[in-house]
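The structure appears below as structure tokens.
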Amino acid sequence: MTAKILDGNVLSAKLRESLRHRAAELAAQGCRPGLAVILVGENPASQVYVRNKIKACEAVGVHSEKYEFPADTPPQQVLDRIAALNADPAIHGILVQLPLPPQFDEDEVLEAVSAEKDVDGFHAENVGLLAQGNPRFISCTPYGVMEMLSAEGISLRGKEAVVVGRSNIVGKPMTLLLIGASATVTVCHSQTKDLAFHTRRADVLVAAVGKPKMITGDMIQPGAVVIDVGINRLPDGKLCGDVDFESAKEVASLITPVPGGVGPMTITMLLANTIESADRASAK
Ligand code: GUN
Numbered sequence: 369m370t371a372k373i374l375d376g377n378v379l380s381a382k383l384r385e386s387l388r389h390r391a392a393e394l395a396a397q398g399c400r401p402g403l404a405v406i407l408v409g410e411n412p413a414s415q416v417y418v419r420n421k422i423k424a425c426e427a428v429g430v431h432s433e434k435y436e437f438p439a440d441t442p443p444q445q446v447l448d449r450i451a452a453l454n455a456d457p458a459i460h461g462i463l464v465q466l467p468l469p470p471q472f473d474e475d476e477v478l479e480a481v482s483a484e485k486d487v488d489g490f491h492a493e494n495v496g497l498l499a500q501g502n503p504r505f506i507s508c509t510p511y512g513v514m515e516m517l518s519a520e521g522i523s524l525r526g527k528e529a530v531v532v533g534r535s536n537i538v539g540k541p542m543t544l545l546l547i548g549a550s551a552t553v554t555v556c557h558s559q560t561k562d563l564a565f566h567t568r569r570a571d572v573l574v575a576a577v578g579k580p581k582m583i584t585g586d587m588i589q590p591g592a593v594v595i596d597v598g599i600n601r602l603p604d605g606k607l608c609g610d611v612d613f614e615s616a617k618e619v620a621s622l623i624t625p626v627p628g629g630v631g632p633m634t635i636t637m638l639l640a641n642t643i644e645s646a647d648r649a650s651a652k
């Protein structure tokens, strides 16, 4: 079997077209959606992500503001900027690109963002609402994965879903969303004893560990849906996922590539959350 490849660029383009229309409607009503992005330090991957987020905003008509700080910035300066953005009616979404330099308490910074503008869904209040099955903002990457599954008409009810990775950004919110969709969910992580035993039981396998090509074809159930959230840079500069695409595609029924799979969907859902936030603000 050779898997169908789930193209995140194609689905993103479709979704962004309708987001562009919604952004234009809101702008016409005097509420142009606005996103502020904060980047601290010179992490090259973060710089690329932030550039892509700003470019995507421009393409759908979302106003964007970028605030860059050097790596040695005292945390209070960033907290002051967040406070100003919380109070700014032109800004509906605030995103602090992670990771932050070591002098920062990441939780403190994420909690400083108004929960009503937390389009990343990282604020404790928004994580709690998601855990209760009543989300305000869903973290962009897991949200994008759910949209991809839904666009393919994949029902999760009663399915065995296995999430590899337990990060706050992906693994945990992904798990909550899959439970909410009535899958039976197993979460694996670095201390899991026999990873392949679990992954081979998965009808839907989500890899979010940050280890290049660690999930190989022999670890996948024939016919499984394989979602690769990893974005790893190889020594030759090429990008690859957490899944060994070449061997996995011979076993899976559906697979997301890297690049061009989940990555573009993450940015699309950030735009969706920002526009949704503007929509809520305009209804107030
Ligand atoms: N760093 C890696 N992924 C993300 C993300 O989705 N949002 C933010 N803010 N930082 C990240």
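Just so we're aligned, residue 369 is where the sequence shown starts under the working numbering, counting upward by one.
For each residue, glycine too, the CB sits at the ideal point set by N, CA and C.
In this structure, I537 has its CB closer than 6 Å to one or more heavy atoms of ligand 1.
For L639, the Cβ stays outside the 6 Å cut-off from all heavy atoms of ligand 1.
Using a Cβ-Cβ distance cut-off of 8 Å, the region 396-404 and the region 423-435 are in contact, since at least three pairs of beta carbons, one from each stretch, lie closer than that value. Scanning the region 575-650 for uninterrupted beta strand (DSSP E) segments of 3 residues or longer gives 593-596, listed from N- to C-terminal end.
Separation of M514 and R525 (C-alpha to C-alpha, rounded to the nearest whole angstrom) is 13 Å. In this structure, DSSP gives G461 an extended state, which the three-state scheme calls strand.
Note on geometry: alpha-carbon atoms of L546 and P603 lie some 34 Å from one another.
Between T634 and T509, the gap from beta carbon to beta carbon is short of 7 Å. Per DSSP, the continuous alpha helix (DSSP H) segment holding V477 begins and ends at E474 to A480. Where S432 is concerned, the enclosing beta strand (DSSP E) starts and stops at H431 to F437. When the Cα atoms are used, A616 and P443 turn out to be separated by approximately 43 Å.
The distance from the Cβ of D562 to that of K581 is about 19 Å, inconsistent with a contact at the 8 Å cut-off.
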